[in-house]
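Notes follow once the structure below has been shown.
Number of protein chains: 4
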Amino acid sequence: MTATIGGASEPQATREAVLDAALAVFTEHTYGGAAMSTLASRAGVAVGTIYRHFPSKEALGNAVYLRWKVQLAEHLFGDAADSTNAAGSIRAEFSGIWRGLLRFAAAHPDAFAFLELQQHAGYLDAQSIEVARRIDQAGVAFVVRGQQAGEIRDGDPDVLVALVYGAFVGLAATVRAGAELGEQRIQLAEDAVWDMLRAR
Amino acid sequence: MTATIGGASEPQATREAVLDAALAVFTEHTYGGAAMSTLASRAGVAVGTIYRHFPSKEALGNAVYLRWKVQLAEHLFGDAADSTNAAGSIRAEFSGIWRGLLRFAAAHPDAFAFLELQQHAGYLDAQSIEVARRIDQAGVAFVVRGQQAGEIRDGDPDVLVALVYGAFVGLAATVRAGAELGEQRIQLAEDAVWDMLRAR
Amino acid sequence: MTATIGGASEPQATREAVLDAALAVFTEHTYGGAAMSTLASRAGVAVGTIYRHFPSKEALGNAVYLRWKVQLAEHLFGDAADSTNAAGSIRAEFSGIWRGLLRFAAAHPDAFAFLELQQHAGYLDAQSIEVARRIDQAGVAFVVRGQQAGEIRDGDPDVLVALVYGAFVGLAATVRAGAELGEQRIQLAEDAVWDMLRAR
Amino acid sequence: MTATIGGASEPQATREAVLDAALAVFTEHTYGGAAMSTLASRAGVAVGTIYRHFPSKEALGNAVYLRWKVQLAEHLFGDAADSTNAAGSIRAEFSGIWRGLLRFAAAHPDAFAFLELQQHAGYLDAQSIEVARRIDQAGVAFVVRGQQAGEIRDGDPDVLVALVYGAFVGLAATVRAGAELGEQRIQLAEDAVWDMLRAR
DNA sequence: AATGAATGAGGATTCATTCAT
DNA sequence: CATGAATGAATCCTCATTCAT
Chain A
2 MTATIGGASE PQATREAVLD AALAVFTEHT YGGAAMSTLA SRAGVAVGTI YRHFPSKEAL
62 GNAVYLRWKV QLAEHLFGDA ADSTNAAGSI RAEFSGIWRG LLRFAAAHPD AFAFLELQQH
122 AGYLDAQSIE VARRIDQAGV AFVVRGQQAG EIRDGDPDVL VALVYGAFVG LAATVRAGAE
182 LGEQRIQLAE DAVWDMLRAR
Chain B
2 MTATIGGASE PQATREAVLD AALAVFTEHT YGGAAMSTLA SRAGVAVGTI YRHFPSKEAL
62 GNAVYLRWKV QLAEHLFGDA ADSTNAAGSI RAEFSGIWRG LLRFAAAHPD AFAFLELQQH
122 AGYLDAQSIE VARRIDQAGV AFVVRGQQAG EIRDGDPDVL VALVYGAFVG LAATVRAGAE
182 LGEQRIQLAE DAVWDMLRAR
Chain C
2 MTATIGGASE PQATREAVLD AALAVFTEHT YGGAAMSTLA SRAGVAVGTI YRHFPSKEAL
62 GNAVYLRWKV QLAEHLFGDA ADSTNAAGSI RAEFSGIWRG LLRFAAAHPD AFAFLELQQH
122 AGYLDAQSIE VARRIDQAGV AFVVRGQQAG EIRDGDPDVL VALVYGAFVG LAATVRAGAE
182 LGEQRIQLAE DAVWDMLRAR
Chain D
2 MTATIGGASE PQATREAVLD AALAVFTEHT YGGAAMSTLA SRAGVAVGTI YRHFPSKEAL
62 GNAVYLRWKV QLAEHLFGDA ADSTNAAGSI RAEFSGIWRG LLRFAAAHPD AFAFLELQQH
122 AGYLDAQSIE VARRIDQAGV AFVVRGQQAG EIRDGDPDVL VALVYGAFVG LAATVRAGAE
182 LGEQRIQLAE DAVWDMLRAR
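Chains as they are written, first to last, in the working numbering: chain A, 2 to 201; chain B, 2 to 201; chain C, 2 to 201; chain D, 2 to 201.
This is the structure we're talking about:
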């Protein structure tokens, strides 16, 4: 059931299996609607096994949230920022971030849906909330930089970040609902959102 | 408990009380997290009474969803469209829609939050989904009209509608999270979103 | 299932049935060893029904404890004290108390076993502990009165009460274990315990 | 983890550690309320290790019970009987037994509390019950001897033993509940209990 | 012998729904 | 029409026991 390498049991393999199953089941059924037993059988382990790795359903929910929120952050502001920043222009940086979002949402549609399309309010702990806030701040920092460079329109950066990120979530929701997203639509969305952001 | 007029009990008063309580409790606790008993005591009726008016929790959830989704539609495309359409310009019409959203979200924050909480998937019935689709189509129709008039950028109208509505939801979320929205920020958001939409 | 009188359902009947079943099952299996489901089927109700009357197993445990501890107190210091007190002598009063214990333990062997032969420490709340303490104090008060009258030996009344009550519990345990208690043995025990108590 | 002597691991050391931990944890949490894992970590061994030494929790419970019940018996009727019996008088023998009880309860308060916690019924096996019975019989034998010597009151010895042992348990309970037991109170108790026992 | 991850039956509790009054 | 006590399946979590290493 758990992966083994060279005959020795991989210690974290079960934990990973549970985290993966949790993402899938939470996304499909909602955190609140997912039964631990469903989750266990999806992970191929017994219920009790989950509780060896996570003290409670809430802790598991936070672990899943954190794991993917951190990955999303790395996708957006990690290498994307590095390589593109070098290029210099705010527009290019925006493109890096936007495409990073897109890549992340395409590569991990369940994870993105779980992160953005659910009401986590009920069970997220301080650490999870803190990480979410930090990602938001990175977005705000980018907007401020763009404003100082005269390339992003003036006005409350929080509002602009909310509009941009909201637009992306809206787009992702249509994809999840079945829409196909070819290169043309991708370009359309990026251009449109950039026009929402850029200084006239 | 239920309102009476002239001494005779208003038959629909109980139904209204239940719908109001349901909106409040669903928004506060999530549809799945709301117990019928909580809802009943909030409405000031007995649990059994709810079942005289709605055959099931699911039916009640759909009734609440429908009631407000329809109101939202009327806000957006009812009188707003009438009066503003007359004025003619697409930009003015957009402003009417956007301000309509804003007014609705300000007047009924619980209702808007409830409508956008993305965990309806589980229980919405065909009729509810149909109404939601129809609102979306009205948005698409507006975009198409704008494109034909050369005032809205070309490209898949579904994508544009998703971006605009998503942006609004993102904005509303910050308000719900505690942000103040003065006239300046409102104008900023409207201008920005219009720039996302309009033909260059 | 629940008793009815004249066609109207007795409101407290279910509660009583649950309390009775709880006493029986707790005594037989220990508070900790008793499953709520066992208890429910013994009471002839569904599990959920128990929770309409008691918020938790702990609350139910305390309710049973209190109900019988109070009855025991009334048995010991209520009418027994009244009628016997009149007779005046400390010895007669002791007899009243001792016979009260005996009568209670004979009439409600389960209740006595539950009260005295189990470790309640884990779940008793403040009120329950207070009632237990008050009964003990009544015992102490009796001993002090006897000492002032010169009929009970001097020394810490708490120690004497502990010895007497402990002796009774020991006796009750043998009965519970199967011993028969004829009038002869009853008299023997009373005389012996009085000799433990009385001033030489 | 387990004690070693001269570099070789003492085979019984683990077993002893488990028995000690079991006494402590059973007394603190109740047999039923004690988890094997709690017990294991208190003993400083792995759960699986306990099962190398005891086939089941029940077996462990019986082992603890037996170990201490036997020690108690030795305390009461071993050397106490030897040395004191020689002295001859029943009163002196009683004093030996009573002081033996006192010494045992003072030296091993956990063990005494564990032995008297009346929820053993569920898991004690035939051997444990037999040992308990044999101690009781030793008490009965003492009483019979005293009756034959005319120094202990007539009547069913079982009743007298139950009263005496019960009185002691009651006394020990107050100590466990926090009462201090100076020499004065000790003497008071011994005198009182002997007066309960002795022929008038 | 020792380890501790895994197991899964069992326990306390919740809650949508029914129905006798 | 309204009531709310009763129901019992379903939920989260615990824990004695096993077994591969």
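C-beta atoms are modelled at their ideal positions from N, C-alpha and C, and glycine is treated no differently.
The model shown is predicted, which means the values in this text are computed figures rather than measured ones.
For Arg100/C, the closest C-alpha among the options Arg199/C, Leu182/C and Arg146/C is that of Leu182/C. Per the coordinates, the alpha-carbon of Ala25/C lies some 21 Å from the alpha-carbon of Asp126/C. Pairing Gly147/A with Tyr32/A gives a Cβ-Cβ distance that is not under 9 Å.
Setting aside the 5 residues that flank it on each side, Ala106/A is surrounded in the same chain by Phe113 and Ala173, each with a C-beta closer than 6 Å to its C-beta; the list follows chain order. Per DSSP, the beta bridge partners of Arg199/D are Ile153/D. Taking a beta-carbon distance threshold of 9 Å, Leu77/B does not count as an interface residue toward chain A. By the C-beta density criterion, Ala41/D is buried, having at least 16 other C-beta atoms within 10 angstroms. Contact residues of the segment 25-50 of chain A toward chain B are His30, Thr31, Gly33 and Gly34 (C-beta to C-beta distance below 8 Å). At least one CB atom of chain C sits nearer than 9 Å to the CB of Asp196/D. Closer than 9 Å to the CB of Gln148/C there is not a single CB belonging to chain D. In the DSSP annotation of this structure, Thr31/B is not part of any alpha helix (DSSP H), being labelled neither H nor E. Burial is judged here by how many other beta carbons sit within 10 angstroms of a residue's own beta carbon; Val71/D has fewer than 16 and is exposed.
Using a 10 angstroms sphere on the CB of Arg16/C, the tally of other CB atoms reaches 16 or more, which defines it as buried.
Contact fails between the segment 140-160 of chain D and the segment 131-138 of chain C, because fewer than three Cβ pairs, one in each stretch, are under 8 Å apart. Of all residues in the segment 165-180 of chain B, only Val165, Tyr166, Gly167, Ala168, Phe169, Val170, Gly171, Leu172, Ala174, Thr175 and Ala180 place a beta-carbon less than 8 Å from a beta-carbon of chain A. Beyond the five residues adjoining it in sequence on each side, Glu152/A comes within less than 8 Å, by CB distance, of Ser90, Ile91, Arg92, Arg199 and Ala200 in the same chain, given in chain order. Under a 10 Å Cβ-count criterion, Val145/A is classified as exposed, with fewer than 16 other Cβ atoms of the shown protein chains found around its own Cβ. Proximity of chain D to Val71/C at the Cβ level (cut-off 9 Å) is not reached, the minimal Cβ distance being about 21 Å. The contact set of Leu161/D on chain C, defined by CB atoms closer than 7 Å, consists of Ala193 in chain order. Using a 10 angstroms sphere on the CB of Arg186/B, the tally of other CB atoms reaches 16 or more, which defines it as buried. Apart from the 5 residues on each side of it in sequence, Glu59/A sits with its Cβ closer than 7 Å to the Cβ of Tyr124 in its chain, given in chain order.
By a beta-carbon distance limit of 8 Å, Ser38/B contacts Val48/B. Their separation comes to about 6 Å. Per DSSP, reduced to three states, the secondary structure at Ser129/C is helical.
Of all residues in the segment 109-141 of chain A, only Leu118, Gln119, Gln120 and Gly123 place a beta-carbon less than 8 Å from a beta-carbon of chain B.
If you draw a straight line from the Cα of Met197/C to the Cα of Arg68/C, it comes to about 31 Å. Inter-segment contact for the segment 157-176 of chain C and the segment 162-172 of chain D is present: three or more beta-carbon pairs are separated by less than 8 Å. Taking all protein chains in view, the Cβ of Ala22/D is crowded by 16 or more other Cβ atoms within 10 Å, so the residue is classified as buried. For Phe105/D, the enclosing alpha helix (DSSP H) covers residues Ile91 to Ala108. In the three-state scheme derived from DSSP, where H, G and I count as helix and E and B as strand, Leu77/B is classed as helix.
In this model, Ile98/B and Gly45/A are separated by some 50 Å (Cα to Cα). The C-beta of Ala150/D has fewer than 16 other C-beta atoms within 10 Å across all chains shown, which makes the residue exposed. Within the segment 96-108 of chain B, no residue places its CB atom closer than 8 Å to a CB of chain A. Leaving aside the five residues that flank Leu61/D on each side, the residues in its chain whose CB is nearer than 6 Å to its CB run, in chain order, Ala23 and Phe55. Closest in C-alpha terms to Asp157/D, from the list Arg177/C, Glu184/C and Leu118/C, comes Glu184/C.
The three-state secondary structure of Ala41/D, taken from DSSP, is helix.
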